[in-house]
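Inspection log for the structure reproduced underneath, given as structure tokens.
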Amino acid sequence: MSEQLRSIRGIHDGLPAEVRRWRYIEEVAQGVFARYGFCEVRLPVLEPTALFVRSVGSNTDIVSKEMYRFEDQGGDDICLRPEGTAGSVRAYLQAGLTRSGAQRWFYIGPMFRRERPQKGRLRQFQQIGAEWFGVSGPAEDVEILAMAHAFLDELGIADLTLEINSLGCPACRPAYRDKLLAFLKQRSDDLCGTCHTRMDTNPLRVLDCKTASCQAQLNDAPEMIAHLCADCQSHFDTLISGLQALDIPHRINPRIVRGLDYYNRTAFEIITGKLGAQGTVLAGGRYDGLVEEQGGPPTPAIGFAAGLERLAMLLPEIADTQADVAVIALGDAVSAYALKIADQLRRGGCRVIHCGGGSAKRQFKLADRERARFVAVIGEDEMHAASLRLKDMQSGEQVDVSVQTAIAQCRSMTAS
Ligand code: ATP
Ligand code: MG
């Protein structure tokens, strides 16, 4: 096909084998999240650009260089959402839910970031995210982490590490920020260009630099968790004891800062060693100031998002479901009858492949390829007797039966 017509780099098609994995992950998420009282929301993909500039922060990578942003025909500045939290907060405020008690939401859907495409890093990808509005205590932090843990555990993904940190709050972060900045200035000759920019805009993000030589300079950098105020310290301690009480394996990592401006206190990532540099499968944290930042009343909140494609890469192949019955019509005279039988079998709940008539050999070959459990052979004799010949492809046994008997037979053999 012509180069011009190919999909955009970093934007992939979800073909059947891939979608089977996605559906499995989504079903596990829906099941686990429901047990924690989270309800699904479906929010817009297009949002006003200002929403992300204000919420995620104009100095973040996401907003400063990764957004698909454009002016539409009416002159509005809009973009394809790069993440789900800002839009969730917007929807929560817009619906006037701030006085309706805590809200537990989850979403599944595509996000867009113009990043450099590579394994595990796409320009259109999907996130499964959860947001919990109106809760401030460490108990809820433990609970949402337990939910994330249960989700990944039920997916059967092994060798994951939960890394957790505290980013402090507006009471303790400024003093720490100054201390960190003073440290970074001493080392500035040895830090990369990105680090220099971040020193001006958001010094905490320097800790997140992926360059090895920068990381070497940061070994003895001051850490936020050693500079927490009493409230943040007690929040963090209670959170850690909660994780211990629930036997959720975790590691405190003072370098976790997250790439978005809105986080405070609890920040976490769940990481696998199996995907190289793109090893974070789930990430999130507390964002107590964001609802207020968007013009609502002070409302603490916490959430996370997991990358569906990264999770899918960690799962084994999921086999296609096989057909229960393949319908084979012998001769043009029976084609209408065969279609009717296929229809009745489907109404009876069977998964049916109609082999399309024509040569018997071709039809049997097709039935074989679809790995059909039974074959329903229909010739003129069967049509006159209002029956069909049902062949069990495992035992080779054949019987002439009514369509009702065939349905009962298929369902009893394939019910599992
Ligand atoms: P990373 O450090 O990998 O860039 P991030 O901090 O940008 O991640 P978040 O914005 O917190 O990630 O998104 C949460 C999750 O969404 C990530 O942990 C990852 O699994 C997934 N994700 C983020 N960006 C991409 C992408 N470009 N392609 C595929 N998955 C992604
Ligand atoms: Mg990123």
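Following this note's numbering, the residues of the sequence shown are numbered contiguously, the last one being 464.
We treat Cβ as the ideally placed atom computed from N, Cα and C, and that holds for glycine.
These numbers were taken from a predicted model, which means no experiment stands behind them.
Inter-residue spacing [alpha-carbon to alpha-carbon] between residue i and residue j
i, j, result
"Val67", "Glu74", "10 Å"
"Asp448", "Ile366", "35 Å"
"Ser319", "Gly168", "Checking the sequence, you will find Ile at residue 319 rather than Ser. Rounded to the nearest angstrom, the two C-alpha atoms are 13 Å apart."
"Glu163", "Gln172", "9 Å"
"Ser383", "Gly405", "7 Å"
"Ala456", "Ala390", "14 Å"
"Asp201", "Lys409", "47 Å"
"Asp109", "Ala325", "17 Å"
"Gln446", "Phe422", "10 Å"
"Gly177", "Glu51", "35 Å"
"Asn312", "Arg459", "54 Å"
"His432", "Ala65", "41 Å"
"Thr469", "Ile212", "The chain is shown from 49 up to 464; residue 469 falls before or after that span and cannot be answered."
"Glu341", "Gly182", "15 Å"
"Arg57", "Leu170", "8 Å"
"Leu387", "Ala374", "11 Å"
"Arg306", "Arg253", "8 Å"
"Arg437", "Ala415", "15 Å"
"Thr286", "Ala353", "23 Å"
"Asn267", "Ala196", "30 Å"
"Pro158", "Glu418", "32 Å"
"Ser103", "Gln174", "20 Å"
"Arg83", "Pro348", "22 Å"
"Gly444", "Asp372", "15 Å"
"Ala150", "Ala377", "59 Å"
"Gly397", "Tyr310", "50 Å"
"Ala77", "Phe199", "6 Å"
Residue i: CB within 7 Å of a non-hydrogen atom of the ligand MG
i, result
"Asp109", "yes"
Closer than 7 Å: residue i CB and nearest the ligand ATP heavy atom
i, result
"Ala19", "The structure shown does not extend to residue 19, since the chain spans only 49 to 464, so no value can be given for it."
"Ala390", "no"
"Arg169", "yes"
"Phe173", "yes"
"Ala354", "yes"
"Glu74", "no"
"Arg90", "no"
"Arg221", "no"
"Arg161", "yes"
"Leu71", "Correcting the residue identity first, residue 71 is Arg in this sequence and not Leu. For the ligand ATP, not one heavy atom lies less than 7 Å from the Cβ of Arg71."
"Gln342", "no"
"Glu357", "yes"
"Thr328", "yes"
"Glu131", "yes"
"Arg334", "no"
"Arg306", "yes"
Strand pairing of residue i, partner residues [DSSP]
i, result
"Ile401", "Ala374"
"Ala353", "Gly177 and Ala331"
"Arg437", "Val425 and Asp448"
Proximity test, Cβ basis, 8 Å: residue i and chain B
i, result
"Gly241", "The chain labelled as chain B is not found in the depicted structure, where only one protein chain is given."
Minimum length 3: unbroken beta strand (DSSP E) runs contained in the region 299-350: 312-320 and 328-334
Runs of alpha helix (DSSP H) lying entirely within the region 117-190, each at least 4 residues, in chain order: 133-142
Every unbroken alpha helix (DSSP H) within the region 201-246, with a cutoff of 4 residues, ordered by chain: 221-234
Beta strand (DSSP E) runs contained entirely in the region 61-101, provided each spans 3 or more residues: 94-96
Contiguous alpha helix (DSSP H) assignments of at least 4 residues, all confined to the region 250-281: 260-265
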